[in-house]
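Residue numbers (my numbering), protein chains in the order written: chain Y, 14 to 660; chain B, 269 to 781.
In structure tokens, the structure reads:
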């Protein structure tokens with residue numbers, strides 16, 4: 014059984030290869046034909062989805078075997094001065110789960126785009142970027158070593174840049190794309206350093222070999238300072254995820270990334286690329302595990318981001334921005350889950366979040382489509398009746414993210430919160446629980462205001478075409494049942510865990526508390542926005558300063574802009590003036606001096622033979638003396654003196 | 269060394285002479301026949317390019333060392349030989365010269381002003397640069413280096429453009445730097461020659477000079493390497509001898525900027541490796557800490573200045589100064605990985621900057637401005653040009669899948685061990701490179717459509733050649749890096765360079781280290 018599966022797993026490279034082929038085809042062949050471009054792209058990703066499903070089923074059938082023995086295929090890619098880098102594929106439950114999630118969401122988004130991007134001038138370009146993104150993301154997921162992962166990591170960043178700036182004529186989109194690239198680059202600087210130091214220390218970048226080398230080195234007491242070194246490397250590596258997964262203080266790019274087309278936000282900035290950071294920490298967990306300080310830091314940053322972003326989401330009015338801050342907050346959950354040792358909880362939440370957040374983004378896109386590009390939730394209202402499919406599926410998303418059973422988010426959020434408490438992180442648990450309450454509140458606020466509130470006569474919303482509603486239904490299905498993977502004996506955690514697997518029963522007490530927090534949040538939103546028992550205006554009027562701070566996202570963007578415009582650009586100007594006035598000034602000064610002395614020297618060219626002869630004579634004397642006294646003792650000036658022409 | 273040519277391969281002389289032959293044909297063509305002149309020039313460089321591609325793939329990596337060699341004694345009394353040959357270090361440079369040379373002809377396809385002289389000089393320039401890379405004899409190397417200076421000066425003065433500084437100033441600055449650099453080189457070269465002539469037949473051959481290392485005392489090596497560092501350092505725009513580079517590129521016509529930034533500059537790095545490290549290892553070791561510090565100044569200082577520029581060519585000019593810092597720090601690291609990375613980086617940067625300058629050349633030709641605030645939204649009217657520009661930008665900021673990423677990565681790998689602090693500072697440069705590159709792309713290509721540029725026509729036909737050739741090379745070597753690194757590895761290991769580096773890194777130097 015396992016043998017046959019083994020052969021199947023060796024074909025995993027096809028999954029990223031197919032979308033790449035589709036990218037090349039669109040870019041060089043079909044770009045003039047809109048229909049062909051989208052067909053090629055969708056066919057490629059659907060085939061990849063089929064393969065990913067086959068591999069996933071194979072994994073489930075292989076059972077414990079595959080958990081112990083991942084299937085790795087690799088070939089040499091780069092060879093220089095003792096540095097050997099392979100490219101390859103690894104198939105284990107973790108990568109299979111990611112393959113499935115990415116191909117599923119990517120296919121849904123590409124089908125959805127048929128409706129959403131209808132009539133866009135950049136159609137073929139859009140599908141080319143989509144294919145390139147899918148290919149890079151899938152390549153990253155099955156990477157066997159850190160450099161390969163980093164290469165695809167940067168490529169998904171490129172696709173994100175291209176797709177945020179897809180409508181490049183919009184100044185806001187252009188600036189957002191640039192901001193996303195540069196902010197994540199700051200994180201990548203640390204990640205790159207971490208990779209270099211790891212290689213320097215252990216001589217390999219292969220995940221398996223690295224893990225083995227690290228544990229040997231930790232056991233070897235003679236290697237002094239390993240613990241400190243490991244901590245430094247873990248911090249450096251973590252800078253990458255902080256940028257990519259939008260952790261504070263590098264979170265600023267993600268809300269702006271909403272300038273891209275909404276299906277792009279669903280795919281890249283909610284379900285897949287932004288979780289790359291979480292995935293990387295999971296991949297490098299053996300490193301983090303070895304450093305309690307690093308884990309503590311990861312938990313702290315994650316918990317802070319979860320709470321911080323949720324508070325901002327409360328005060329936002331743009332439907333996509335609310336979802337973006339919600340994404341940041343949920344990424345915080347995944348990160349702190351890793352920090353508190355809830356490895357499978359984090360991965361589980363990554364999966365369920367991909368389903369329900371992609372669903373809600375696509376739902377938001379459907380709404381924006383119907384509202385003719387209006388994004389302010391206060392301009393909407395009563396959409397539930399006009400757009401039943403969008404409304405119902407969106408509601409499922411809200412229930413899932415609020416942690417209401419039996420929807421997907423309940424299971425994953427419960428697992429990681431329970432782990433936080435059990436592993437001795439009560440503060441992180443409390444923050445997570447309170448954030449769960451906030452999450453339920455702001456998501457219900459969005460839903461009640463946009464879908465339930467009074468209809469606005471100026472709007473004429475209508476349900477979206479089937480190309481857009483079918484993906485919604487598919488994702489809603491997964492958001493409903495996806496969490497049930499926690500239930501069987503060979504459950505999610507059986508396949509995806511770190512270290513020894515210990516089956517854990519559901520802690521129904523803790524689960525009950527989480528559900529109550531979610532219900533409280535929804536109830537509060539119901540009272541404020543449906544019952545109007547408490548007027549939202551009066552709350553704002555009562556707390557003007559906190560509201561303003563939240564509304565303006567704690568003024569962090571302003572702070573960064575100030576630093577960029579004053580410090581960085583200021584330094585640039587100062588150095589430029591230094592360059593043209595001091596450095597060039599000296600050069601021009603020397604030139605002037607030369608010209609001046611040339612005027613003087615010209616007088617020496619008297620044209621009198623006697624003068625020349627005299628100079629010549631003295632020169633010969635000097636050279637002769639240098640030789641006479643320099644000979645024997647090997648002087649470095651000797652050969653230089655011979656330049657006079659004496660041999 | 270026998271007095272007669274000993275068998276040998278005539279491939280390299282053919283590669284060298286093809287553009288020269290084209291030049292002679294052009295000289296005899298009537299000057300109105302600009303179309304024919306361009307075709308002849310293209311054919312000449314095409315022949316060289318194909319032949320050097322052949323050499324690139326026919327080179328026997330297992331055997332290594334100098335191949336396709338040809339030695340003709342020229343001035344036997346002085347030991348000057350017309351000696352050609354390429355190894356894993358010079359062959360990528362030769363190929364680079366030809367790729368850029370060929371592309372530069374097409375980047376100048378719309379040149380009508382005194383086309384005959386322009387293309388004749390351009391071909392001389394290409395030949396001169398090629399000669400420096402295939403020379404196995406220091407004297408010949410120097411000869412070709414001097415040949416390069418003449419066409420550059422004339423071309424900047426006649427076909428250049430005046431912006432912040434006048435083209436006369438730019439041309440003069442460029443030339444004087446090249447000449448001062450070469451004066452120091454000349455002194456160092458003669459000193460080396462005389463020191464080596466103490467034993468055996470006098471010679472200028474690189475490998476002979478290297479083989480007689482025991483004749484050069486430590487103080488001599490320090491002085492001689494210092495002279496070469498000044499000469500080659502000016503050429504590779506090492507801080508603080510870099511200021512010719514942005515002014516020079518801004519003043520020069522597109523083809524000259526391409527060749528100058530793309531390959532000519534690399535003679536500096538090539539010389540420091542071939543002549544500096546290889547022949548004068550103790551001197552190299554002595555100067556390495558200085559080079560490392562100046563290299564960091566290059567990377568960060570120039571990157572910051574690039575941020576403050578308004579003229580497109582100045583941005584890329586300073587960017588090129590910044591990137592050369594990576595080559596210099598790799599040389600300073602003195603280990604095989606880093607030096608291999610330096611060679612790859614010179615290749616990668618050459619292709620990238622040539623593509624960048626050719627795209628900027630088209631922008632300038634069509635819009636008659638290079639002032640960034642006047643441009644914007646060009647992707648609307650010229651999507652193909654925008655694609656080329658973005659590819660060059662992505663290569664410049666070291667995006668994986670371009671050869672530039674792998675070269676930078678290899679350099680970082682090599683330097684992080686030897687010079688950790690400088691390496692970290694240098695790697696920080698990747699952030700600022702991204703900032704200025706993305707700003708330029710955003711401000712020139714993206715943004716709202718500007719009606720004043722609606723009349724512009726996208727690049728097409730012959731104008732696409734630089735984009736296709738250079739873009740292909742960037743990605744082909746970036747996705748399959750072993751194409752380039754196979755050769756570079758051979759160059760570093762089999763030329764004996766690796767051995768030299770090994771001894772250098774172990775050698776303790778009295779007093780100073």
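Cβ atoms here follow ideal geometry from the backbone N, Cα and C, with glycine treated the same way.
Contacting residues, own chain, Cβ-Cβ under 6 Å from residue i (five flanking each side not counted)
i                      : result
residue 754 of chain B : 329
residue 575 of chain B : 704
residue 308 of chain Y : 301 and 352
residue 72 of chain Y  : 79, 106 and 109
residue 761 of chain B : none
residue 283 of chain B : 316, 319 and 320
Contacting residues, own chain, Cβ-Cβ under 7 Å from residue i (five flanking each side not counted)
i                      : result
residue 397 of chain Y : 404, 464 and 465
residue 752 of chain B : 360, 612, 615, 671 and 745
residue 244 of chain Y : 304, 306 and 307
residue 170 of chain Y : 194 and 197
residue 591 of chain B : 617
Beta carbon proximity, residue i to chain Y, threshold 8 Å
i                      : result
residue 767 of chain B : no
residue 524 of chain B : no
residue 320 of chain B : no
residue 680 of chain B : yes
residue 270 of chain B : For residue 270 of chain B, the predicted model reports a pLDDT of 41, less than 50, meaning its position is unreliable and no value from the coordinates is stated.
residue 685 of chain B : yes
residue 518 of chain B : no
residue 717 of chain B : yes
residue 771 of chain B : no
residue 554 of chain B : no
Cutoff 8 Å: residue i Cβ touching any chain B Cβ
i                      : result
residue 92 of chain Y  : yes
residue 45 of chain Y  : no
residue 167 of chain Y : yes
residue 442 of chain Y : no
residue 181 of chain Y : yes
residue 184 of chain Y : yes
residue 191 of chain Y : yes
residue 645 of chain Y : The pLDDT assigned to residue 645 of chain Y is 41, lower than 50, so where the model puts this residue is not dependable; a value taken from the coordinates is nonetheless given after this. Not closer than 8 Å to any Cβ of chain B, the Cβ of residue 645 of chain Y fails to qualify, so no.
residue 592 of chain Y : yes
residue 199 of chain Y : yes
residue 657 of chain Y : Here residue 657 of chain Y scores only 43 on pLDDT, less than 50, and its place in the model should not be relied on; the value that follows carries that caveat. Residue 657 of chain Y does not count as touching chain B.
Cβ pair residue i, residue j closer than 8 Å
i                      : j                      : result
residue 261 of chain Y : residue 699 of chain B : no
residue 463 of chain B : residue 493 of chain B : no
residue 432 of chain B : residue 518 of chain B : yes
residue 743 of chain B : residue 621 of chain B : no
Chain-order list of residues whose beta-carbon lies under 8 Å from that of residue i (same chain, five-residue window excluded)
i                      : result
residue 541 of chain B : 357, 599, 607, 610, 611 and 765
residue 354 of chain B : 280, 323, 327, 334, 335, 336, 362, 401 and 402
residue 19 of chain Y  : 84
residue 333 of chain Y : 271, 275, 278, 374, 377, 381 and 388
heavy atom of the ligand NAP below 7 Å from residue i C-beta
i                      : result
residue 561 of chain B : For the ligand NAP, the structure offers nothing, since it holds no ligand at all.
- Message: Does the stretch 277 to 293 of chain Y come into contact with the stretch 119 to 138 of chain Y, if we say contact requires no fewer than three beta-carbon pairs (one atom in each stretch) closer than 8 Å?
- Response: Output reads yes: the stretch 119 to 138 of chain Y touches the stretch 277 to 293 of chain Y.
- Task: At 4 residues or longer, and completely inside the stretch 628 to 688 of chain B: list those alpha helix (DSSP H) runs for me, N to C.
- Result: 646 to 649, 651 to 664 and 671 to 686, all fully within the stretch 628 to 688 of chain B.
- Message: Tell me whether the stretch 544 to 563 of chain B and the stretch 381 to 398 of chain B touch, counting them as touching only if at least three CB pairs, one residue from each stretch, are closer than 8 Å.
- Response: Look at the beta carbons and you see the stretch 544 to 563 of chain B not touching the stretch 381 to 398 of chain B: under three pairs across the two are nearer than 8 Å.
- Task: Let me know the beta strand (DSSP E) ranges lying completely inside the stretch 309 to 375 of chain Y, each 3 residues or longer, listed in chain order.
- Result: For the stretch 309 to 375 of chain Y, not one full-length beta strand (DSSP E) segment reaches 3 residues or more.
- For the stretch 63 to 91 of chain Y, which segments carrying the alpha helix (DSSP H) assignment without a break, of at least 4 residues, lie completely within its bounds, in sequence order? With a minimum length of 4 residues, the continuous alpha helix (DSSP H) runs that stay inside the stretch 63 to 91 of chain Y are 77 to 81.
- Query: Counting Cβ pairs closer than 8 Å, one from the stretch 436 to 443 of chain Y and one from the stretch 347 to 365 of chain Y, do we hit at least three?
  - Reply: Yes: the two stretches touch, three or more of their Cβ pairs being nearer than 8 Å.
- Complete runs of the alpha helix (DSSP H) confined to the stretch 258 to 304 of chain Y [at least 4 residues]: With a minimum length of 4 residues, the continuous alpha helix (DSSP H) runs that stay inside the stretch 258 to 304 of chain Y are 266 to 269, 275 to 279, 289 to 296 and 298 to 302.
- Query: Is the stretch 642 to 654 of chain B in contact with the stretch 707 to 726 of chain B, if contact means three or more CB pairs nearer than 8 Å?
  - Reply: Taking a cut-off of 8 Å on C-beta distances, the stretch 642 to 654 of chain B touches the stretch 707 to 726 of chain B, as three or more cross pairs fall below it.
- Message: I want to know whether the stretch 340 to 353 of chain B touches the stretch 494 to 512 of chain B - three or more CB-CB distances under 8 Å.
- Response: With the cut-off at 8 Å, the stretch 340 to 353 of chain B and the stretch 494 to 512 of chain B do not touch.
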